[in-house]
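Structure, as structure tokens:
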Amino acid sequence: MQAQPHQQTNVNTLTPQQQQQQLLQQQQAQQQQQQQQQQQQQQQQQQQQQQQQQQQQQLQQTQPANLLTPQQQKLLLEQYDEVISQVLYLRSNVSDFLNGLIEDVKNNNLTQPNKELMKKKLKSSMEGALNAVNVIEKLTQRISTYTHPIKSSFFLQEPLWAMSTGLYDNQNFKAQIQLRLENYWRYQTSVKSSYATNVLENKLLETFPEIMDEQEEMTLSKKRKQMTPTISPPILFKPPLPLSSISSSPYDYFSNIDRIIHSQRQESALDIQKIQKMQSNSYPKGLLVECSDVFKCLICFGVLNENKECFSIDRISFFGVKENFDSFWVSSKYNVFKRISANALEAISYYSVHSSGSVLKSILSWIWSFRGLFIEECKGCQNILLLDSTEYLYLPPSLRTFDGNFTPYHPICYQNTLHKDTHNHNHSSTTTNTTATSSTSNTNTTNASTPGMNSK
């Protein structure tokens, strides 16, 4: 009973400074305890991570192939070679199918290959590819326990490990490394190209919304139903309206564009729109011409330095109906429209010299003549498809004559027609010369005999 008052007097006798020191000591002790607990927790976590890594390494450890019996090693090598051969077969399957199809068309001289035969070849090719995939999957399960996994960094660990053991043939390693490097490069290229394409398309849509926007088009079957399926489709427009006020010079005036467009709309079904510059009052940069379900094209104008009111046609670019473009200087991704765009330069050169009226009017009529691009037959070979060149492959008639009839030709067939005409002309002239020579010789013979008779 007497000790309690003595303790209370000791606590009460502490000064405020001593009390603060005690509080600080208690807080420091608590902080040390918390730090120790955190360190213990971190150590436990590190131990757990190390254990997990060890377990993963144990799982990833491959079975030593050099401990297998010789027969098992031989079987493993055969399975590995079979996987490589099946992969090579898959890579060459598609190219072999397409090359065989092209060779058949060349040898048989067919414009339209047999669909049933194509289906059979395609079916057999698909069956072979599926069988190869199944074989690869089965063999992969068998040999996966003897191979190192390839990491995302694409280190070639398996070939290095296998070469160090001296079990596999070096030729197999070279083939395996080449396949992996090429597949990796193709994959990375496809990913980057698709990403770049999406970015460019988004930028084009933001910058050129009017040109990039387009309506849904009709299907090819509807187009074939609407257009007349004849060998040489009849002219679908009226005779050209006279434009007497338009000069016959190789240049056109901006003031006459509306009249030319109105006249062409009456004669054809072309959809013609002017492409204006940023300033609304300025002259147009060109025309956007569209033939429904067949093509669309850009006509680029060039302004003369001497007279700003005149313009010439510098370039014509053809595109597919669903293709997008943001400039006058881009080209189509389809070979047929690339070929027609190249022929357009010759059309511009011809009509700039031989046109009796407006050059733009003649060019629009020439463009309208391609309305039956995919159904008109060539006047020379009577076929639709023909091997144009190694660059463009098989194309429909991409050339139209400039005589006003706009007869469809393949460029090769048109050249052959010109050679035939030249040969016939030379042959007829040779025959005429021969006849004239024979008649002259007969006359000389008659004249030679006449003096003898007179002398008698």
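Numbering-wise, the numbering used here comes out as the position in the sequence shown, counting from 1, plus 1.
For each residue, glycine too, the CB sits at the ideal point set by N, CA and C.
Being a predicted model, the structure only gives us computed values, none of them experimental.
Which same chain residues, not among the five before or five after residue i, have their C-beta less than 7 Å away from its C-beta?
i, result
"Lys-380", "Thr-408, Pro-409, Tyr-410"
With distances taken from CA atoms, which of the options is nearest residue i?
i, options, result
"Asn-306", "Leu-271, Tyr-252, Lys-339", "Tyr-252"
"Ile-276", "Cys-301, Asn-308, Ser-86", "Cys-301"
"Pro-398", "Gly-405, Cys-414, Glu-392", "Cys-414"
"Gly-358", "Gln-23, Asn-308, Arg-260", "Arg-260"
"Pro-285", "Glu-268, Ile-314, Arg-266, Gln-265", "Ile-314"
"Asn-94", "Lys-323, Phe-319, Val-134, Gly-303", "Val-134"
"Ile-273", "Trp-369, Ser-194, Val-192", "Trp-369"
"Tyr-393", "Glu-378, Ser-333, Gln-36, Gln-54", "Ser-333"
"Cys-382", "Val-354, Asn-417, Phe-375, Asn-406", "Asn-417"
"Ser-400", "Ala-345, Thr-423, His-420", "Per the sequence shown, the amino acid found at residue 400 is Leu instead of Ser. Looking at the Cα atoms, Ala-345 is the closest of the given residues."
"Arg-266", "Cys-292, Phe-320, Ser-283", "Cys-292"
"Asn-308", "Thr-70, Leu-76, Ala-270, Tyr-254", "Tyr-254"
Which of the three DSSP states is assigned to residue i in this structure?
i, result
"Asp-272", "strand"
"Pro-375", "Looking at the sequence shown, residue 375 is not Pro but Phe. Of the three classes helix, strand and coil, the one that applies to Phe-375 here is coil, per DSSP."
"Lys-239", "Residue placement at Lys-239 is poorly supported in this model, since its pLDDT is 35, which falls under 50; the coordinates are not used for a value here."
"Ser-390", "strand"
"Ser-293", "coil"
"Leu-15", "coil"
"Ile-144", "helix"
"Cys-414", "helix"
"Phe-98", "helix"
"Pro-398", "coil"
"Val-134", "helix"
"Phe-302", "strand"
"Gly-405", "coil"
"Asp-327", "coil"
"Tyr-284", "coil"
"Tyr-254", "strand"
"Ile-261", "helix"
"Lys-421", "helix"
"Ser-1", "Given a span of 2 to 457 for the chain in the structure shown, any question on residue 1 remains unanswerable."
"Ser-93", "helix"
"Gln-21", "helix"
"Thr-70", "coil"
"Ser-125", "helix"
"Asn-384", "coil"
"Asn-308", "coil"
"Ser-86", "helix"
"Gln-28", "helix"
Tell me, to the nearest whole angstrom, how far the beta carbon of residue i is from that of residue j; I am working on the premise that it is less than 8 Å.
i, j, result
"Ile-341", "Phe-312", "About 22 Å separates the two Cβ atoms, so there is no contact after all."
"Asn-336", "Leu-396", "6 Å"
"Lys-122", "Phe-98", "6 Å"
"Gln-80", "Leu-140", "5 Å"
"Gln-87", "Ile-144", "So it is not a contact: roughly 13 Å between Cβ atoms."
"Asp-327", "Thr-208", "7 Å"
"Ile-317", "Ile-349", "7 Å"
"Val-290", "Lys-297", "7 Å"
For residue i, which residues from the same chain have a beta carbon less than 8 Å from its beta carbon, with the 5 sequence-adjacent residues on both sides left out?
i, result
"Ala-343", "none"
"Tyr-352", "Val-360, Ser-363, Ile-364, Trp-367, Phe-403"
"Ser-256", "Glu-310"
"Gly-101", "Lys-122"
"Val-331", "Ser-318"
"Glu-104", "none"
Taking residue i as part of the alpha helix (DSSP H), name the residues at either end of that continuous run.
i, result
"Glu-347", "336-355"
"Lys-362", "360-369"
Is residue i a contact residue of the ligand GTP, with contact defined as CB to any heavy atom under 7 Å?
i, result
"Leu-396", "The model on display carries no ligand, and the ligand GTP is accordingly not part of it."
Note the first and the last residue of the continuous beta strand (DSSP E) segment covering residue i.
i, result
"Ile-314", "311-320"
For residue i, collect the residues of the same chain with a Cβ closer than 6 Å to its Cβ; drop the 5 residues on either side in sequence, then sort them by chain order.
i, result
"Ser-390", "none"
"Ser-356", "Ser-363"
"Ile-258", "none"
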